[in-house]
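Contents: one structure, followed by commentary.
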Amino acid sequence: MVKPYLLTAREVVAAVRRGDFTAEECLHSFLDRTKTVEADLHAFITLKEDLALQRAREIDRKVRKGEALGRLVGVPVALKDIICTKDFPTTCGSRMLEGFTPPYNATVVDDLLKEDAIILGKTNMDEFAMGTSTETSYFGPTRNPWRLTHVPGGSSGGSAAATASKEAVVALGSDTGGSVRCPASFCSVVGLKPTYGLVSRYGLIAYANSLEQIGPLSRTVYDCALLLSVIAHHDPLDATSINLPPHTYTAFLDADVDGVKIGVPREFFGEGVDERVSQTIRTSIDRLEGLGAVCVACSLPTLKYSLPAYYLIAMSEASSNLARYDGVRYGYSVDYSTGDWNTVFSQNRRRGFGAEVRRRIMLGTYALSSGYYDMYYLKALKVRTLITMDFKKAFKTFDVLIGPTMPVLPFKIGEKIHDPLALYMCDILTVPQNLVGCPAISIPCGFVDGLPVGMQITAAPLREDLLLRAASAVEKSLDGKMDFEGEFT
Amino acid sequence: MFMSGAVKKISEKEVEHVAALARIDISEEDKKLFTKQFNTILEYFEILSELDTDAVAPFPPVSTLTTAFRADTVKPSLTRDEALKNASKTERGFFKAPKIV
């Protein structure tokens, strides 16, 4: 029998339906894999073997009784620890929420359970999703499965590392400024940030509401499309959820890219982008051209203003969102038998939050404070309008835009963590899509010195069909060359 | 709008004020470090002043959405025990907060 942990979600679903193996047998294969790699990798904050086994047995009972089975039957899924789960603690990678168990499930969690998926556990992340390397987690860093001395990217680093190393078949992450796409690129997996409003944010712990979306991580484009089909639907519990009929996104993958108009913005290959990364992406673009796509150079003149605009908006929203952590109703608290409200509140937040979270709350507070609001926050919102206009204009001519996901290769753990601005700069190519609200996907497209390079494809809002079609073409053109050969094989 | 050219540096005293506004207690060491880091970051943000935005409207985050209506019906919600289960301190079914006045 083939080892189930080597399979994709599509294959696991088919095998469990056919009865090739049971959901429990499949799960054991993943749990064994986890035992082999987790000590080196540290992809998870919480794993619950007993709960997963119990769930697998329930699914097997349904299979035996011949009941209707869900679209993810038997598939072990990893969830970023920012997504609320009533059966698992949800820490957000922070001391502030250590031991916190939400009283409800996020909408995406109920979606997965309804389709008979198995939740393996909760994955490591940068504290409150603020980071590009998963090093700001209170619970320690996750390592890159391709090279254990290097970062897996962030902030959904645990979800990407677990998927790449085959601890889980697929995972969910969240993407506020690249937090799904960055670790997907650094770990050589597929990672999608959907159109703003396509996936419910109910139960996603808020960092910057106007920017973030939950998105899938997987090893194949098909699995990405399958997971998106499950989580993309209208949800009355999220006021920004788009009310459109759901799609079966897997249906878009068969079309080829003949005649697809691809824009290649020169700013995606500009200052700060490693030439070796650019070269790898250009080779992939040539392959797409060979398949009949029409690739044309273009320009997004306001692109370089995305990063400061993004950080000002994200930090401002964070300063407001994270004001809820008072340590009283939930969360970390010092003993407050004595001491007044302000003193206790301020001490809880000094001790409960790590340095990067405190930095962003304070800079956001500054950007919104009297005398600076117009100069920083309002200015950033106006620049956001200009960037959106640039992208709209590009999408009048092009179906998709292509460039690198990350300007640099995965770097060493500890290399950049003491220089906040240097880490922010890693996000230059992933934040514009969050400002605009359009979908973007990172897809593996090669290696430089054994370190993964991801290609980013961006489409107009709600054009996930074009995105997945182009991604599928890239995947097919690299058939078999991207199989995991990291530190654990 | 943006003061072009002259970068507005943030002082240690201002960092202390912002920390107080954000209700985050701050050590002397962090005050020095954050002041240095904030100046580097704010200086970089200054490139936004290159763009003329006088005639530009601020981005509306949810411009495409229309108001949704629903029937005003009672649905399941959290029980008191569920709502209190993560609290630091409770008393007679209430959250117990530090002294306010």
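Residue numbers (my numbering), protein chains in the order written: chain A, 1 to 489; chain B, 1001 to 1101. No residue lacks a Cβ here, since even glycine has one placed at the ideal position from N, Cα and C.
DSSP state of residue i, grouped into three classes?
{"i": "residue 459 of chain A", "result": "strand"}
{"i": "residue 346 of chain A", "result": "helix"}
{"i": "residue 175 of chain A", "result": "strand"}
{"i": "residue 117 of chain A", "result": "coil"}
{"i": "residue 340 of chain A", "result": "strand"}
{"i": "residue 1013 of chain B", "result": "helix"}
{"i": "residue 1032 of chain B", "result": "helix"}
{"i": "residue 1101 of chain B", "result": "coil"}
{"i": "residue 206 of chain A", "result": "coil"}
{"i": "residue 451 of chain A", "result": "strand"}
{"i": "residue 124 of chain A", "result": "coil"}
{"i": "residue 7 of chain A", "result": "coil"}
{"i": "residue 144 of chain A", "result": "strand"}
{"i": "residue 1095 of chain B", "result": "strand"}
{"i": "residue 154 of chain A", "result": "coil"}
{"i": "residue 1004 of chain B", "result": "Since pLDDT at residue 1004 of chain B reaches only 44, below the 50 mark, its modelled position is unreliable, and no value is offered."}
{"i": "residue 417 of chain A", "result": "coil"}
{"i": "residue 62 of chain A", "result": "helix"}
{"i": "residue 242 of chain A", "result": "coil"}
{"i": "residue 333 of chain A", "result": "coil"}
{"i": "residue 490 of chain A", "result": "In the structure displayed, chain A extends from 1 to 489; residue 490 of chain A sits before or after that span and is not available."}
Given this structure, state the Cα-to-Cα distance separating residue i from residue j, to the nearest angstrom.
{"i": "residue 288 of chain A", "j": "residue 257 of chain A", "result": "7 angstroms"}
{"i": "residue 272 of chain A", "j": "residue 394 of chain A", "result": "23 angstroms"}
{"i": "residue 286 of chain A", "j": "residue 448 of chain A", "result": "18 angstroms"}
{"i": "residue 1082 of chain B", "j": "residue 329 of chain A", "result": "11 angstroms"}
{"i": "residue 454 of chain A", "j": "residue 228 of chain A", "result": "20 angstroms"}
{"i": "residue 137 of chain A", "j": "residue 155 of chain A", "result": "9 angstroms"}
{"i": "residue 162 of chain A", "j": "residue 44 of chain A", "result": "8 angstroms"}
{"i": "residue 462 of chain A", "j": "residue 345 of chain A", "result": "42 angstroms"}
{"i": "residue 247 of chain A", "j": "residue 316 of chain A", "result": "34 angstroms"}
{"i": "residue 150 of chain A", "j": "residue 409 of chain A", "result": "10 angstroms"}
{"i": "residue 66 of chain A", "j": "residue 32 of chain A", "result": "28 angstroms"}
{"i": "residue 111 of chain A", "j": "residue 362 of chain A", "result": "36 angstroms"}
{"i": "residue 172 of chain A", "j": "residue 118 of chain A", "result": "13 angstroms"}
{"i": "residue 28 of chain A", "j": "residue 168 of chain A", "result": "12 angstroms"}
{"i": "residue 14 of chain A", "j": "residue 71 of chain A", "result": "10 angstroms"}
{"i": "residue 1077 of chain B", "j": "residue 331 of chain A", "result": "21 angstroms"}
{"i": "residue 369 of chain A", "j": "residue 377 of chain A", "result": "9 angstroms"}
{"i": "residue 1002 of chain B", "j": "residue 373 of chain A", "result": "Confidence at residue 1002 of chain B is low in this model, with a pLDDT of 43, below 50, so its placement is unreliable and the value that follows should be read with caution. Each residue's alpha carbon lies about 11 angstroms from the other."}
{"i": "residue 1080 of chain B", "j": "residue 86 of chain A", "result": "16 angstroms"}
{"i": "residue 446 of chain A", "j": "residue 279 of chain A", "result": "10 angstroms"}
{"i": "residue 185 of chain A", "j": "residue 1098 of chain B", "result": "46 angstroms"}
{"i": "residue 1005 of chain B", "j": "residue 1049 of chain B", "result": "Residue placement at residue 1005 of chain B is poorly supported in this model, since its pLDDT is 45, which falls under 50; the coordinates still yield a value, given next. Near 9 angstroms, if we compare the C-alpha coordinates of residue 1049 of chain B and residue 1005 of chain B."}
{"i": "residue 230 of chain A", "j": "residue 321 of chain A", "result": "28 angstroms"}
{"i": "residue 283 of chain A", "j": "residue 324 of chain A", "result": "48 angstroms"}
{"i": "residue 1095 of chain B", "j": "residue 84 of chain A", "result": "22 angstroms"}
For residue i, which residues in chain B fall below 8 angstroms Cβ to Cβ?
{"i": "residue 345 of chain A", "result": "1023 and 1098"}
{"i": "residue 309 of chain A", "result": "1048"}
{"i": "residue 339 of chain A", "result": "1098 and 1099"}
{"i": "residue 361 of chain A", "result": "1022 and 1024"}
{"i": "residue 138 of chain A", "result": "Near residue 138 of chain A there are no residues of chain B at all, since even the closest Cβ is about 16 angstroms away, more than 8 angstroms."}
{"i": "residue 100 of chain A", "result": "1086"}
{"i": "residue 369 of chain A", "result": "1018 and 1021"}
If the cut is a Cβ gap below 7 angstroms, which residues of chain A does residue i touch?
{"i": "residue 1040 of chain B", "result": "421"}
What residues from chain A crowd round residue i, counting only those whose CB sits closer than 8 angstroms?
{"i": "residue 1094 of chain B", "result": "Here the premise fails: no neighbours, minimum Cβ distance about 11 angstroms."}
So with CB distances below 9 angstroms, who are the chain B contacts of residue i?
{"i": "residue 328 of chain A", "result": "1087, 1088, 1089, 1095, 1096, 1097 and 1098"}
{"i": "residue 358 of chain A", "result": "1019, 1022, 1024, 1026, 1030 and 1034"}
{"i": "residue 407 of chain A", "result": "The contacting residues do not exist; residue 407 of chain A stays about 16 angstroms from chain B at best."}
{"i": "residue 349 of chain A", "result": "1022, 1023, 1024 and 1025"}
Within the present structure, is the beta-carbon of residue i separated from the nearest heavy atom of the ligand MN by less than 7 angstroms?
{"i": "residue 1028 of chain B", "result": "Ligands displayed in this structure: none; no statement on the ligand MN is therefore possible."}
Listing by chain order, which chain B residues have their CB less than 7 angstroms from the CB of residue i?
{"i": "residue 312 of chain A", "result": "1045"}
{"i": "residue 202 of chain A", "result": "Going along chain B, no residue has its Cβ under 7 angstroms from residue 202 of chain A, so there is no contact; the nearest lies around 13 angstroms."}
{"i": "residue 447 of chain A", "result": "What residue 447 of chain A touches in chain B: nothing, since even the nearest Cβ is about 31 angstroms away."}
{"i": "residue 434 of chain A", "result": "The contacting residues do not exist; residue 434 of chain A stays about 11 angstroms from chain B at best."}
{"i": "residue 342 of chain A", "result": "1023"}
{"i": "residue 207 of chain A", "result": "Those within 7 angstroms of residue 207 of chain A in chain B number zero; the least Cβ separation is about 15 angstroms."}
{"i": "residue 133 of chain A", "result": "Within 7 angstroms Cβ-Cβ: nothing; residue 133 of chain A doesn't reach chain B, min ~17 angstroms."}
Report task. Please name the residues in the segment 1070 to 1088 of chain B whose beta-carbon is closer than 8 angstroms to at least one beta-carbon of chain A, in chain order. Result -> Result list: 1070, 1078, 1082, 1083, 1085, 1086, 1087 and 1088.
**Report entry** Every unbroken alpha helix (DSSP H) within the segment 17 to 60 of chain A, with a cutoff of 4 residues, ordered by chain
**Finding:** List check, alpha helix (DSSP H) in window: 23 to 41.
Query raised in the report: At a Cβ cut of 8 angstroms, what residues of the segment 374 to 402 of chain A count as close to chain B, listed as they run along the chain?
Result: For the segment 374 to 402 of chain A, the set of positions with a beta-carbon nearer than 8 angstroms to some beta-carbon of chain B reads 374, 375, 376, 378, 379, 380, 381, 382, 383, 384, 385, 386 and 388 in chain order.
Query - Within the segment 1019 to 1093 of chain B, ranges of the alpha helix (DSSP H) (whole runs, at least 4 residues) - result: Whole alpha helix (DSSP H) segments, 4+ residues: 1028 to 1045 and 1080 to 1084.
Query - Inside the segment 370 to 435 of chain A only - alpha helix (DSSP H) runs reaching at least 4 residues - result: Contiguous alpha helix (DSSP H) elements confined to the segment 370 to 435 of chain A occur at 379 to 397 and 420 to 425, taking only those with 4 or more residues.
Query - Entirely enclosed beta strand (DSSP E) segments - the segment 210 to 264 of chain A, minimum 3 residues - result: If you keep only unbroken beta strand (DSSP E) runs of at least 3 residues inside the segment 210 to 264 of chain A, you get 213 to 218.
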